[in-house]
Amino acid sequence: MTQDFPRNLRLLCSYYKSVAEICRRLNINRPQFNRYLRGKSLPSANTMRRICDFFGVEEHEILLPYNQFQRLIQVRPEATPSKVSELPETDHMKQMGKAGNTELDKYQGYYFEYHISMACPSKLLRMLVCIERQGDKVYYKRTERFKESQHERVCHGVYLGMAHFLTDRIFMVDYESLTGHEISQTILFPTFKNRVSRLSGLKLGVSGSGERMPCAARVVYEYLGQSVNIMKALRLCGLYDMDTPEIEDSIKKAVKNNIDPHEMHFRARH
């Protein structure tokens, strides 16, 4: 087996802080990648394409004699790893990460989230949300706990996401971390009071039923405080009948998905 490929690969890797970073971003097993670096094995055709796309070189180029490949990298700076190490969306995400996150500080803490269930449209769903700052970014976790009937086991869903404050709205995007089958977005009105009590807006996602129907629903966030008894709060989460006395009428009214005759779009209610 030619030793040019592993030498060329080691040259490309030298533009990065560590091989671990490369493996993480390529989603390649570290021991397997080490075998490529040592010349013990060659990647499959699919893996070879991923490696070449990542480093910004052609497949035939990475198999060239080492001296020829080294000269190629030196005279073609636009193809060097230092130029392609950032994904196209990186700059956009960095810009969004900077935008208005200091405005979210007063919204940190725990909330109950209410909306009409997308999987069980006749029911009201209550979830637990935690919003917290980590470094210069604001993250949140939504935890879903419910069972559709008394005889079924309890189901859980954990959604992880980031929050951004842009101009005068709170934008939240998350994914379902246990299955990876769903991305949802929530847009909330901020509060103009010093004390946070309730936030309202719209959420967009797909139903958890087999049809996976895209749905929009009005949503209310009820502020619980900076800290809560998580186990007690989770026990209060689940599906409720619309006429339940356990949830305030004002919340039930706020999450109804009715459309007035004059409205041409499905709109949030402040």
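Here the sequence shown is numbered in the numbering used here, starting from 53 and rising by one per residue.
C-beta: ideal position from N, C-alpha, C; glycine also.
For residue i, report the span of its alpha helix (DSSP H) as first-last.
| i | result |
| --- | --- |
| THR99 | 97-107 |
| PRO266 | Unbroken run through PRO266 is the beta strand (DSSP E), 266-277; no alpha helix (DSSP H). |
| SER302 | 301-306 |
| ARG62 | 56-65 |
| LEU286 | 282-287 |
| LEU78 | 71-78 |
| GLU263 | Taken as a continuous stretch (DSSP letters only), GLU263 belongs to no alpha helix (DSSP H), as it is neither H nor E. |
Considering only the beta carbon of each residue, do residue i and residue j sit closer than 8 Å?
| i | j | result |
| --- | --- | --- |
| PHE57 | LEU124 | no |
| LEU180 | SER169 | no |
| SER252 | HIS322 | yes |
| ARG102 | SER93 | no |
| LYS284 | HIS167 | no |
| THR99 | ILE80 | yes |
| ILE235 | GLU274 | no |
Would residue i be called buried (16 or more neighbouring beta carbons within 10 Å of its own) or exposed?
| i | result |
| --- | --- |
| ASN60 | buried |
| HIS216 | buried |
| ASP226 | buried |
| THR238 | buried |
| LYS308 | exposed |
| ILE311 | exposed |
| ARG82 | exposed |
| HIS233 | exposed |
| PHE107 | buried |
| LEU240 | buried |
| ILE183 | buried |
The beta strand (DSSP E) that contains residue i, what's its start and end?
| i | result |
| --- | --- |
| ALA171 | From DSSP, ALA171 is part of no beta strand (DSSP E); its letter is neither H nor E. |
| ARG221 | 221-228 |
| GLN84 | From DSSP, GLN84 is part of no beta strand (DSSP E) but of the alpha helix (DSSP H) over 82-90. |
| LYS255 | 250-258 |
Mind checking who residue i pairs with in its DSSP beta bridge?
| i | result |
| --- | --- |
| PHE198 | CYS207 |
| LYS193 | CYS182, LEU212 |
| ILE125 | DSSP output for ILE125 lists no bridge partner at all. |
| PHE244 | PHE244 pairs with nothing; no bridge assigned. |
| ILE235 | TYR227 |
| ASP293 | LYS175 |
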